[in-house]
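Novice:
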Amino acid sequence: MKTIVIGGGPAGCAAAYTLGKKGHEVVLFEAADVVGGRTKQLHRDGFNLGTGALFLMGGIYPRTFALLKELGKDRKVVPWAGASELQDNDDSRYRVSFVNLASYLTIPKLTLGDRLKVITAGIKLLLSKQASNAFDSRELAKYDTKEDLESWSRRNLGDRAHEYIVRPLMDFLYAVPASWLSLPFPLSIIKQANKMALSVPPEGVGQVSQWLIDGAKNTTVHVSTPVEKVEKRGNKYAVLAGGKWHDADGLVMATESFVAAKLMNDFISEPVRATLMETPYTEYAHVQIGWAKNPWPTYPVDIVMPVGFGEERNIGAMVLQSRRHPNAVPPGGEAVGVYFNTPPLVNMTDEDIKREALEGAIKAFGKAPEPIFVHLFRYDKGLTIAKPGHYERLEAIYDKMPPKVFLAGDYFSQAGVEAAVFSGERAALRLDQTLN
Ligand SMILES: Cc1cc2nc3c(=O)[nH]c(=O)nc-3n(C[C@H](O)[C@H](O)[C@H](O)COP(=O)(O)OP(=O)(O)OC[C@H]3O[C@@H](n4cnc5c(N)ncnc54)[C@H](O)[C@@H]3O)c2cc1C
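Below is the structure:
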């Protein structure tokens, strides 16, 4: 059958790959000049910079790694230890491993009582039932108690552990206060923390989408070809892209949710349209700063995360890019990715963000000469955020879609490559079922 996938981020690429595997003819339209969406790489002055996503998370990303294994690429990814340092207000530094939650118990700011509380909460969590798949919105919906992560964390771990463990992790991963996040996703992830490992494809996270498309059978990809309109014509669909109408027996809509709502405006119900339009995306910004000669070749960790009890902070994390994947920087060079928290962005100009990023990098890693570039990536819709009630709302519309149209995108779960891949594969499998 003839299928069209709209959007070439990891969700659309996983959908195209899966539909092709099932024997369908696939045409994928991507608005940008390459596939990858918010995991795209930017090549500049010999640097290969992530415009968005930084890493994959090992066993926590089961469908991503299952597809990479089918493609023979799972062993091509480069493990990254993610050695980290928390930088306190008074510049004290605490060494932790980003992926080893137990390492946070060594932070001297935590009292014995704090540590006992964290250990007790950890044991209770391990014994509790949580979503076994943190990226399946149907499962997550079942565990949504409507409590937010911050209130859970302060109640179960205490204020100091919240400030020194939960806040820095969430600032880096989601750039929003934990009070904006619902519980089922983080609790499911913490319960599986033993499977957590960081890795990056040699050309950056954007390579995941490229690998999926390179391995996709029966698939034609049109980049720089935004879809302008979609019409339902009897039992089929027609898609206007590149100045031509293209027919399809079924569709996977793998754009951001609000784009899907606009494209399908004429043939979806009002509740579906409203849910897609209202799915929250937060503003997001990060800055990549490059040096031809690495100012800190021997710095002992790869990630610095500012912390401080009760302090408001603009920056969530600073990451040495040369440590992340082998081709990130030219020989001898270095780049720092500075990742901002969302709430302060509303009052910051582009120049404020760039200036603060450079000051932050120097404060974190030490003196440096003038960089060769300071590049700001500012998204007005950067990351999807699952607030309490999110999964139930999204699941409710999944089955209210017009026949043979399935939605995919990281917004079904919590932002992340696995969320996108899981949703893309699910949409393709459901479409395959209805077409057969
Ligand atoms: C700064 C940042 C850091 C991140 N870090 C990580 C990380 O370390 N690890 C991780 O797992 N995730 C990370 N993420 C999240 C990850 O990038 C996203 O979850 C993932 O890209 C979502 O994939 P998607 O396919 O659902 O959507 P997208 O990647 O947004 O892809 C949607 C695609 O649809 C295309 N499109 C839109 N409109 C049209 C149209 N009309 N016609 C055709 N195409 C269209 C867009 O151009 C885009 O390519 C990060 C994101 C950001 C922004």
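In this text, residue positions in the sequence shown follow UniProt numbering: the first is 1, and each later residue adds one.
All C-beta atoms, glycine included, are put in the ideal place defined by N, C-alpha and C.
Note that the structure is a prediction, hence the values are computed from the model and not measured.
Where do the N-terminal and C-terminal ends of the beta strand (DSSP E) with THR219 fall, by residue?
Specialist: Segment 219–222, the beta strand (DSSP E) holding THR219.
Novice: Quickly, what does DSSP pair MET348 with across the bridge? List them, please.
Specialist: None; MET348 has no bridge partner.
Novice: Looking at the structure shown, is VAL421 part of a helix, part of a strand, or coil, going by DSSP?
Specialist: Helix.
Novice: Between which residues of its own chain and TYR143 is the CB-CB distance below 7 Å, once the five residues before and five after are set aside?
Specialist: Counting only Cβ-Cβ distances below 7 Å, and skipping sequence neighbours, we find GLN130, ALA131 and PRO184.
Novice: Are there 16 or more other CB atoms within 10 angstroms of the CB of PRO186, so buried, or fewer, so exposed?
Specialist: Burial call: buried.
Novice: Measuring straight from C-alpha to C-alpha, what distance separates ILE213 and ALA16?
Specialist: If I take the Cα positions, the gap works out to 7 Å.
Novice: Name the DSSP bridge partner or partners of PRO79?
Specialist: Per DSSP, SER199.
Novice: In whole angstroms, what separates the C-alpha of GLY46 from that of VAL329?
Specialist: If you take the alpha carbons of GLY46 and VAL329, they lie about 7 Å apart.
Novice: For GLN433, is the classification buried or exposed, using 16 other Cβ atoms within 10 angstroms of its Cβ as the cut-off for buried?
Specialist: Exposed is the call here.
Novice: Hey, quick one: how far does the beta strand (DSSP E) through ALA335 stretch, first residue to last?
Specialist: Per DSSP, ALA335 belongs to the beta strand (DSSP E) from 334–340.
Novice: In chain order, what residues of the same chain have a beta carbon less than 6 Å from the beta carbon of TYR94, not counting five sequence neighbours either side?
Specialist: Same-chain partners within the cutoff: LEU86 and ILE107.
Novice: Distance, Cα to Cα, ARG313 vs TYR174?
Specialist: For ARG313 and TYR174, the distance between alpha carbons rounds to 14 Å.
Novice: Using the DSSP secondary-structure output, state which residues sit across from LEU435 in a beta bridge.
Specialist: LEU435 is not bridged to any residue.
Novice: Over what stretch of residues does the beta strand (DSSP E) that includes ASP144 continue unbroken?
Specialist: No beta strand (DSSP E) contains ASP144, which DSSP labels as neither H nor E.
Novice: Between which residues of its own chain and SER179 is the CB-CB distance below 6 Å, once the five residues before and five after are set aside?
Specialist: Cβ neighbours of SER179 beyond the five flanking positions: ASP148 and GLU150.
Novice: Assuming the contact rule is C-beta atoms closer than 8 Å, VAL252 and ALA427 should be a hit. Round their C-beta distance to whole Å, please.
Specialist: Rounded, the Cβ-Cβ distance is 5 Å, consistent with contact.
Novice: The beta strand (DSSP E) that contains VAL405, what's its start and end?
Specialist: Unbroken beta strand (DSSP E) run through VAL405: 405–407.
Novice: Quick check: does the Cβ of ALA420 come within less than 7 Å of any heavy atom belonging to ligand 2?
Specialist: What this structure holds is ligand 1, not ligand 2.
Novice: Does ligand 1 have a heavy atom nearer than 7 Å to the CB of residue 446?
Specialist: Any property of residue 446 remains undetermined from this structure, which presents the chain solely from 1 to 436.
Novice: Between the stretch 117–125 and the stretch 330–337, do at least 3 Cβ pairs fall closer than 8 Å?
Specialist: Not touching, per the Cβ criterion.
Novice: How far does the alpha helix (DSSP H) with ASP114 in it reach, from first residue to last?
Specialist: Segment 112–127, the alpha helix (DSSP H) holding ASP114.
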